[in-house]
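J.: Mind looking over this structure? Questions follow.
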Amino acid sequence: METYFDNGTGTEIKMPCQNQQLNNNDSQEHAALSGTKQVRFNSCSNSVLPVSNRDAGVPETCENVFYTKLPRKIGPQLKLLPLNDQIRELQTIIRDKSTSRGDFVFCADRLIRLVVEEGLNQLPYSECTVTTPTGHKYDGVKFEKGNCGVSIMRSGEAMEQGLRDCCRSIRIGKILIQSDEDTQKAKVYYAKFPPDINRRKVLLMYPILSTGNTVIEAVRVLTEHGLWAKHIILLSLFSTPHGAKSIIQEFPEITILTTEVHPVAPTHFGQRYFGTD
């Protein structure tokens, strides 16, 4: 917010918002006192890092900038959560091999919740008007009916609780897909959906997209049940460029929501989360 005042000559002078000025001063004082380098992934732009950082072996361009260019090349169907320090810390803890299982599950659940919340934001809403306890009318929105979740077993089941925490009564189907020992191709062993799955919007849950083969087979099963790919929102935590590209090439109308696109995916996720590693 900016404030304008007259300096007596009829000229308006623009002044910064007082809160903004104070916050900037506080941030500078905090950084000076703590001596800790501040990292702000959400403020990364195409700017180049300072020369001092180059000497320290830091890449010239921010890593976030590099990986946010990948989704543009893959297609608008791939959506990334806005990267900030909180998400980056959760990603780091999940990838760290020295992380205890308790911390791993705790941070994974936090990251899952963020992805689920944004996934719900992609679903259709309709306008509505409600009456407040004081008798006033409030114009708001509400979910349109006909949404459900589908988890790809087993790692996808880690995301079910996060979805139920946000939507208590949502129905959740399941798909079990494993690689055939002889052909190494993804094969469906079990699938159970709500009977009217073809009329629903589906949040498909699978935390790690590596090759994309498992998800492609799962989407194929859903489409065989009459569901359109454009009504599927794939919720994932980590994705490789190859995995996301393969899925979108096979089903161009699908939406993929993830926190990171990186050539190396934490494929240990399921084992660490369920304690089977």
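Position 170 of the sequence shown, counted from 1, bears residue number 170 in UniProt numbering, the numbering being contiguous throughout.
For each residue, glycine too, the CB sits at the ideal point set by N, CA and C.
1. How far does the beta strand (DSSP E) with Thr255 in it reach, from first residue to last?
2. Please state whether the Cβ-Cβ distance between Met205 and Met153 is less than 8 Å.
3. Considering only their Cβ atoms, is the gap separating Arg110 from Leu90 smaller than 8 Å?
4. Let me know the alpha helix (DSSP H) ranges lying completely inside the region 201-252, each 4 residues or longer, listed in chain order.
5. Hey, Tyr190 and Ile175 are a contact pair by Cβ (cut 8 Å); roughly how many whole angstroms apart?
6. For Val150, list the residues DSSP reports as bridge partners.
7. CA-CA distance, Phe41 and Ile172?
8. If you check the beta carbons only, do His231 and Val188 fall under 8 Å apart?
9. Could you check how far apart the C-beta atoms of Cys128 and Val141 are, in whole angstroms? I think they sit under 8 Å.
10. Under three-state DSSP, which class holds Val264?
11. Using the C-alpha atoms, what's the distance from Arg95 back to Glu118?
12. Contact check, Ile256 vs Ala244 under 8 Å by CB: the rounded distance?
13. Ser155 by DSSP, collapsed to three states: which one?
14. Hey, quick one: how far does the beta strand (DSSP E) through Glu127 stretch, first residue to last?
15. In chain order, what residues of the same chain have a beta carbon less than 8 Å from the beta carbon of Gln178, not counting five sequence neighbours either side?
16. Does DSSP put Lys192 in a helix, a strand or coil?
T.: In terms of the structure at hand:
1. Thr255 to Thr258 is the span of the beta strand (DSSP E), which, as asked, contains Thr255.
2. no
3. yes
4. 213-224 and 241-250
5. Yes, they are in contact, since the Cβ atoms of Tyr190 and Ile175 sit about 7 Å apart, within 8 Å.
6. Assignment of beta-bridge partners to Val150 by DSSP yields Gly173 and Leu204.
7. With a pLDDT of 45 at Phe41, under the threshold of 50, the predicted position of this residue should be treated as unreliable, though the coordinate-derived value follows. When rounded, the distance between both Cα atoms is 34 Å.
8. Taking 8 Å as the Cβ cut-off, His231 and Val188 do not qualify as a contacting pair.
9. 6 Å
10. coil
11. 22 Å
12. 6 Å
13. Three-state result, Ser155: helix.
14. Taken as a continuous stretch (DSSP letters only), the beta strand (DSSP E) holding Glu127 covers Tyr125 to Thr131.
15. Ala186, Lys187 and Tyr189
16. Here Lys192 sits in strand by DSSP.
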